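> In terms of this note's numbering, the sequence shown has 13 at position 9, counting the first letter as 1, and numbering is strictly consecutive. Next up is a structure, given as structure tokens.
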Amino acid sequence: MAGKKPKIVRDHIFNGLTGPCAAEWYAFLADEYDMMNETNDLKIIRKVTEYRRKAEELSTPPIPAVYSSYDLESQIARWRCVKD
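And the structure:
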């Protein structure tokens, strides 16, 4: 693993991730999948590109207060099990 896993910051009312937290997680996941892709698998390259695009969108104003994504939540659950 290259970077340290981002913290999980949730909105207290809707329980979704905050916009900046989601952006950090997308950037982290893009970097991790990019490093794991030793065979240049096209499916992983597309995932990395999509995650980088979403990280950029969530980092550009207007930044959403709450962000909800089933895909992101499942990826976070998966990576939380991996030790640093």
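Even glycine gets a Cβ: it sits at the ideal position worked out from N, Cα and C. Computed from a predicted structure; not experimentally measured.
1. For I67 and P10, I'd like the C-alpha separation in whole angstroms.
2. To the nearest angstrom, how far is the alpha carbon of D38 from that of H16?
3. When the Cα atoms are used, what is the spatial distance from Y74 to A81?
4. Could you say if the segment 18-27 and the segment 38-48 meet the contact criterion of at least three C-beta pairs nearer than 8 Å?
5. Check T53 in the structure and name its three-state DSSP category.
Straight from the coordinates:
1. 18 Å
2. 32 Å
3. 11 Å
4. no
5. helix
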